[in-house]
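Here full-length UniProt numbering is used: the first residue of the sequence shown is 1, the next is one more, and so on.
Ideal placement from N, C-alpha and C gives every residue a C-beta, glycine not left out.
What follows is one structure encoded as structure tokens, with my remarks underneath.
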Amino acid sequence: MVTVYPPDGPFVTALTSIASAWNSKDLLLEEVHTYLNGDDENKEAFAAVIAKGVQEMVEKQARIQVNIEASQRRKAEKEQVRAAQREENRRIKAGKHQARIEASRLAKAKAKACEEDSAEAH
Numbered sequence: 001m002v003t004v005y006p007p008d009g010p011f012v013t014a015l016t017s018i019a020s021a022w023n024s025k026d027l028l029l030e031e032v033h034t035y036l037n038g039d040d041e042n043k044e045a046f047a048a049v050i051a052k053g054v055q056e057m058v059e060k061q062a063r064i065q066v067n068i069e070a071s072q073r074r075k076a077e078k079e080q081v082r083a084a085q086r087e088e089n090r091r092i093k094a095g096k097h098q099a100r101i102e103a104s105r106l107a108k109a110k111a112k113a114c115e116e117d118s119a120e121a122h
């Protein structure tokens, strides 16, 4: 019976990773051949290489995941800061607008008072 591994499965990925590290797929195939046709000592050595490759792949994936999560956290923190800045700018703008409205009202009230005073004087 032959075991078929999915092309994107961890076993094949580990083999590919190991082959890349060795920079030679021929060497990998030679190792697989040695494993399949060798004695128990060769099988154990090859199994150790595979286990190491799988472990390195798992560790690398874990580091990548940690980096992704850290990046997402930083992005969310930056967005919170930007949102707070936008809200503060909105409040400042609204405050300036309200101050202009009040200044306009005071100026109109003062002008009206001056008109009334000059009308009474005549």
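Per-residue burial, residue i [other beta carbons within 10 Å of its own, 16 or more giving buried]
i, result
"Gly95", "exposed"
Residues near residue i by beta carbon distance below 8 Å, same chain, minus five either side
i, result
"Val2", "Reliability of the predicted coordinates at Val2 is poor, the pLDDT of 47 falling under 50, and no value is obtained from them."
"Lys60", "none"
"Arg105", "none"
Residues near residue i by beta carbon distance below 6 Å, same chain, minus five either side
i, result
"Gln85", "none"
"Glu115", "none"
"Arg91", "none"
Neighbourhood of residue i by C-beta, 7 Å cutoff - its chain only, sequence neighbours within 5 removed
i, result
"Ala70", "none"
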